[in-house]
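Visitor: The sequence shown runs 1 to 388 under the working numbering.
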Amino acid sequence: MPAKAVAAQPAITFKKQIVDGKFYAESIAAADVNQDGQPDLVVGSLWWAGPVFTKKTELRAPHAYDKESYSDAFISDAGDVDGDGLPDAIQIGWPGRPAHWLKNPGKAGGDWPRFLIHPYVGTESPHFVKLLAGQPDVLIFSAYKKIGYATRQPGKPEAPWSFHAISPEGAWQRYTHGIGAGDINGDGRADLLTYNGWWEQPASLAGDPLWKFHAADFGKGGAQMYVYDVNADGRADVITSIEAHKYGVSWFEQLAPAAGATEPTWREHAILSREPAEKLGDVQFSQPHATVLADIDGDGLLDVVTGKRHWAHGSKGDPEPNAPAVLYWFKLNRDPVTKAVTYTPRLVDDDSGVGTQFVVTDLNGDGLPDIAVGNKRGVFAFIQQRTP
Numbered sequence: 001m002p003a004k005a006v007a008a009q010p011a012i013t014f015k016k017q018i019v020d021g022k023f024y025a026e027s028i029a030a031a032d033v034n035q036d037g038q039p040d041l042v043v044g045s046l047w048w049a050g051p052v053f054t055k056k057t058e059l060r061a062p063h064a065y066d067k068e069s070y071s072d073a074f075i076s077d078a079g080d081v082d083g084d085g086l087p088d089a090i091q092i093g094w095p096g097r098p099a100h101w102l103k104n105p106g107k108a109g110g111d112w113p114r115f116l117i118h119p120y121v122g123t124e125s126p127h128f129v130k131l132l133a134g135q136p137d138v139l140i141f142s143a144y145k146k147i148g149y150a151t152r153q154p155g156k157p158e159a160p161w162s163f164h165a166i167s168p169e170g171a172w173q174r175y176t177h178g179i180g181a182g183d184i185n186g187d188g189r190a191d192l193l194t195y196n197g198w199w200e201q202p203a204s205l206a207g208d209p210l211w212k213f214h215a216a217d218f219g220k221g222g223a224q225m226y227v228y229d230v231n232a233d234g235r236a237d238v239i240t241s242i243e244a245h246k247y248g249v250s251w252f253e254q255l256a257p258a259a260g261a262t263e264p265t266w267r268e269h270a271i272l273s274r275e276p277a278e279k280l281g282d283v284q285f286s287q288p289h290a291t292v293l294a295d296i297d298g299d300g301l302l303d304v305v306t307g308k309r310h311w312a313h314g315s316k317g318d319p320e321p322n323a324p325a326v327l328y329w330f331k332l333n334r335d336p337v338t339k340a341v342t343y344t345p346r347l348v349d350d351d352s353g354v355g356t357q358f359v360v361t362d363l364n365g366d367g368l369p370d371i372a373v374g375n376k377r378g379v380f381a382f383i384q385q386r387t388p
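#1: Cα separation between G170 and S71?
#2: Exposed or buried, which one is S315 when buried takes at least 16 other CB atoms within 10 Å?
#3: Report all residues from its chain with a CB closer than 8 Å to the CB of Q9; omit the five preceding and five following residues, and keep chain order.
#4: Write down every uninterrupted run of the beta strand (DSSP E) in the region 73 to 127 whose length is 3 residues or greater and which is fully enclosed by it, in chain order.
#5: Spatial neighbours of A215 within its chain, please: CB distance less than 6 Å, with the 5 preceding and 5 following residues excluded, ordered by chain position.
#6: Confirm, please, whether the CB-CB distance from A89 to L59 is below 9 Å.
#7: Kindly list the residues whose CB is nearer than 7 Å to the CB of M1, restricted to its own chain and excluding five residues on each side of it in sequence; keep chain order.
#8: Quick check: the Cα distance between P345 and G110, rounded to an integer number of angstroms?
#9: From I242 to T291, what distance separates their C-alpha atoms?
#10: In the region 7 to 76, which residue ranges form an unbroken alpha helix (DSSP H) of at least 4 residues, counting only runs that do not cross its ends?
#11: Please determine, among H313, L347, P136, the residue with the shortest C-alpha to C-alpha distance to V326.
#12: Using only CA atoms, which one of A270, G234, A73 lies nearest to V304?
#13: Anyone know if the C-beta pair for S250 and E268 falls short of 9 Å?
#14: Cutting at 6 Å between CB atoms, please list the residues of its own chain near D295, excluding the five before and the five after it.
#15: Use the C-beta contact count for L41: other C-beta atoms within 10 angstroms, 16 or more gives buried, fewer gives exposed.
#16: Once you ignore the five residues that flank R274 on each side, which residues in its own chain have a CB closer than 7 Å to its CB?
#17: For H63, which residues in the same chain have their Cβ closer than 6 Å to its Cβ, ignoring the five residues on either side in sequence?
#18: Whose C-beta lies closer than 8 Å to the C-beta of G96 among residues of the same chain, with five residues either side of it excluded?
#19: Are the beta-carbon atoms belonging to F128 and N375 less than 9 Å from one another?
#20: Looking at the structure shown, is K331 part of a helix, part of a strand, or coil, going by DSSP?
#21: Helix, strand or coil for H289, going by three-state DSSP, please let me know.
#22: Among H245, D36, L86, which residue has its Cα nearest to the Cα of G365?
#23: Among the candidates T151, G182, D187, L272, whose CA atom is the shortest distance from the CA of D137?
#24: Buried or exposed: P257, going by 16 or more other Cβ atoms within 10 Å of its Cβ?
#25: What's the gap between the Cα of A244 and the Cα of P51?
#26: Let me check one thing: in DSSP terms, what residues is N231 bridge-paired to?
#27: So F252 packs on F213, CB below 8 Å; how close in whole Å?
#28: In terms of residue numbering, what span does the beta strand (DSSP E) encompassing Y149 cover?
#29: Find out if the Cβ-Cβ distance for the pair L280, W266 is shorter than 9 Å.
#30: In whole angstroms, what is the alpha-carbon distance linking K146 and W211?
#31: Judging by CA-CA distance, which residue of P154, E200, G180 is the nearest neighbour of R189?
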């Protein structure tokens, strides 16, 4: 019986658009600000109308920063905070400083009124996640030496959010790296991840109980952390950069507990090596300070998108600060016979990189995921192209 022909996969490239060459923020959000049906880009004090991203509008006093310094928007997001049907901007400043949301004024235009979310948001990669069943996304971060999350006050969109600590006081501080969420143990409840382990969500959150901690070595402190069954064995695995200001991105395979133990064990598989001189797939770069999981090629598997944060500590700080600011996606491959898992690096660009947060979403309405970046090199849109 003749073998079935395997359909050729389209070649995937990205068309680069330099939206702006100035440094406004090391983060970005995508949302339909003007309600024309097209995603727009929000970076720091400005937003650019999609899908062409040539017209920019102020949402607060505009400010561009020197590349040797830092912006006031390390993390960005967008969503309808006050329930008026318009997407508002959410911006988190320097680690340990306040987070705010800015109200979209709609057709009235003008500056966007600003409201406090929380006065102190620690960790370098706080972000919004689906943590609580049946509840809106919450903000995960550290505050007052504790790990936890913040929730909105029902019916009071302009009021500061409430912080819920899940840990006792510890070594958590404003510059702690590595945080995420997902269901590690398969009980249907999302757990919270840190670089040194995971916190198990209890069956009841009444009274704000502390969550049980399970120690694990997930690196020295990366960026956004993810829970995903990489090898389809039914167990949740962890994907994270190893050290945000040095080298390494890995996935940690969850294995059954060792004999006589109750805790799962973890096996590290490198996507990018921890070792500066080692290239995997002929690729190595430092400072993978932002990551996103997304199905770039439409095969149903979540790929890893990351890159080099340019000048995280200026032109002379961190390893290889002036090496090319690359942006990559790493294609997840599962061998149907051997069940082996590999990641194949695919270069998106070598003169942009990432900041502390970026987005992957469809920017032009063609159904394909694109990439938007705001960082010290500027504002960029990468539109996916497919060639049969």
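The beta carbon of each residue, even a glycine, is placed where N, CA and C say it ideally should be. Just so we're clear, the structure is a prediction, and the values are computed from it rather than from any experiment.
Guide: This is what the structure holds:
#1: 28 Å
#2: exposed
#3: Same-chain partners within the cutoff: D297.
#4: 75 to 79, 88 to 92, 97 to 102
#5: G197
#6: yes
#7: With a pLDDT of 47 at M1, under the threshold of 50, the modelled position of that residue is not reliable, and the figure given next carries that caveat. So the list is empty, once near-sequence residues are dropped.
#8: 43 Å
#9: 11 Å
#10: none
#11: The residue with the shortest Cα to Cα distance from V326 is L347.
#12: A270
#13: yes
#14: L302
#15: buried
#16: In its chain, beyond the 5 residues on either side, I242, Y247, G248 have a beta carbon closer than 7 Å to the beta carbon of R274.
#17: S45
#18: Y120, V121, G122, Q173, R174, Y175
#19: It is not a contact, given that the beta carbons lie outside the stated cut-off.
#20: Looking at K331 - three-state DSSP - the assignment turns out to be strand.
#21: coil
#22: D36
#23: T151
#24: exposed
#25: 32 Å
#26: According to DSSP, N231 bridges with nothing at all.
#27: Actually they are not in contact, since the Cβ atoms of F252 and F213 sit about 17 Å apart, beyond 8 Å.
#28: 146 to 151
#29: no
#30: 12 Å
#31: E200
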